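K.L.:
Residue numbers (UniProt numbering): 1 to 218. Even glycine gets a Cβ: it sits at the ideal position worked out from N, Cα and C. Remember, predicted model here, so these are calculated numbers, not experimental data.
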């Protein structure tokens with residue numbers, strides 16, 4: 001019978017990040033015989049090229065690719081965060097990964113209320129970039145390629161736009177270590193009151209938002 005234990009070896013822990021509902025692949029491969037641990041609990045065993053999942057929590061979510069030898073966890077949940085150790089018996093290799101799973105940045109919620117015009121005068125236009133129901137995020141305002149402002153651990157960031165800057169392009173970025181969400185802003189539309197001194201902006205206004213996003217796994 002196969003005796004399951006963690007080898008008494010010194011090894012480094014690599015940091016990985018993922019998003020709820022996403023997938024993460026552990027970069028260390030195992031061959032005919034290998035083990036996967038979560039903290040000190042045996043999660044799965046590969047023996048004679050067959051995967052046997054020991055923990056109910058990971059059934060239907062843990063995959064092992066026989067060609068690459070890599071484990072993949074699908075449908076990530078926040079409680080999947082923790083240290084995973086891959087042990088390849090044939091290669092005499094042990095590698096640990098500290099996985100942190102972050103909550104998703106929800107596009108419909110974020111961008112339906114991402115920008116609000118608070119006030120428009122003949123000199124300044126105030127824009128608020130806000131993210132609804134988000135935690136552990138960093139917000140950034142950019143003008144062209146220059147980062148203007150940055151704030152962490154809050155759900156909103158205020159920006160002042162002046163008339164002389166209406167020709168510049170602006171965007172706000174919300175991100176956590178696992179992913180980023182970016183929205184481009186048409187300031188000429190949002191801050192149109194800057195060109196009409198003395199006019200009161202309408203309570204209802206229309207603007208077009210180009211949504212683009214990049215998801216990065218470190």
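So, for residue 219: in the same chain, excluding its five sequence neighbours on each side, which residues have a beta-carbon less than 6 angstroms away from its beta-carbon?
P.N.:
As displayed, the chain neither begins before 1 nor continues past 218, which places residue 219 out of reach and without an answer.
K.L.:
With a Cβ-Cβ cutoff of 8 angstroms, do residue 38 and residue 90 count as a contact?
P.N.:
No, the Cβ-Cβ distance between residue 38 and residue 90 is not below 8 angstroms.
K.L.:
Counting C-beta neighbours from all protein chains within 10 Å, is the total for residue 175 16 or more, i.e. buried, or is it exposed?
P.N.:
Result: buried.
K.L.:
Under three-state DSSP, which class holds residue 192?
P.N.:
DSSP places residue 192 in helix when its eight states are reduced to three.
K.L.:
What's the call for residue 265, buried or exposed, on a 16-neighbour Cβ count within 10 Å?
P.N.:
In the structure as shown, the chain begins at 1 and stops at 218. Residue 265 is therefore absent and cannot be evaluated.
K.L.:
Please list, in chain order, all residues of the same chain as residue 13 whose beta carbon is under 6 angstroms from its beta carbon, the five residues on each side excluded.
P.N.:
Around residue 13: 96, 98.
K.L.:
The beta strand (DSSP E) that contains residue 124, what's its start and end?
P.N.:
Residues 124-130.
K.L.:
Measure the beta-carbon distance from residue 70 to residue 26 and round it to whole angstroms, keeping in mind my assumption that it falls under 8 angstroms.
P.N.:
The Cβ separation is near 6 angstroms, so the contact holds.
K.L.:
Nearest-angstrom Cα distance between residue 33 and residue 56?
P.N.:
The straight-line gap from Cα to Cα measures roughly 21 angstroms.
K.L.:
Just the C-alpha distance for residue 66 and residue 58, rounded to the nearest angstrom, thanks.
P.N.:
Cα to Cα, residue 66 sits roughly 18 angstroms from residue 58.
K.L.:
Kindly confirm or deny that the stretch 139-150 and the stretch 166-184 touch, where touching means at least three C-beta pairs closer than 8 angstroms.
P.N.:
These segments touch.
K.L.:
Determine the DSSP secondary structure at residue 136, reduced to helix, strand or coil.
P.N.:
Note: residue 136 maps to coil in three-state DSSP.
K.L.:
If you follow the beta strand (DSSP E) that residue 149 is part of, which residue opens it and which one closes it?
P.N.:
Looking at the DSSP string, the run of the beta strand (DSSP E) that includes residue 149 is 146-152.
K.L.:
May I ask you to report which of helix, strand or coil DSSP gives residue 179?
P.N.:
Residue 179 falls in the strand class under three-state DSSP.
K.L.:
Along the chain, where does the beta strand (DSSP E) containing residue 47 start, and where does it finish?
P.N.:
Residues 41-47.
K.L.:
According to the neighbour-count rule (16 or more other Cβ atoms, all chains shown, within 10 Å of its Cβ), is residue 77 buried or exposed?
P.N.:
That one is exposed.
K.L.:
What does the Cβ neighbour count give for residue 88, buried or exposed, with the cut at 16 atoms within 10 Å?
P.N.:
Under this definition residue 88 is a buried residue.
K.L.:
Excluding the 5 residues flanking residue 20 on each side, which residues of the same chain have their C-beta closer than 8 angstroms to its C-beta?
P.N.:
If we look at residue 20 and ignore the five residues flanking it on each side, its Cβ neighbours are 76, 77, 78, 101, 102, 103, 104.
K.L.:
By a C-beta neighbour count over all protein chains shown, 10 Å radius and 16 as the cutoff for buried, is residue 127 buried or exposed?
P.N.:
It counts as buried.
K.L.:
Within 10 angstroms of its Cβ, does residue 162 collect 16 or more other Cβ (buried), or is it exposed?
P.N.:
It is exposed - the Cβ of residue 162 has fewer than 16 other Cβ atoms within 10 Å.
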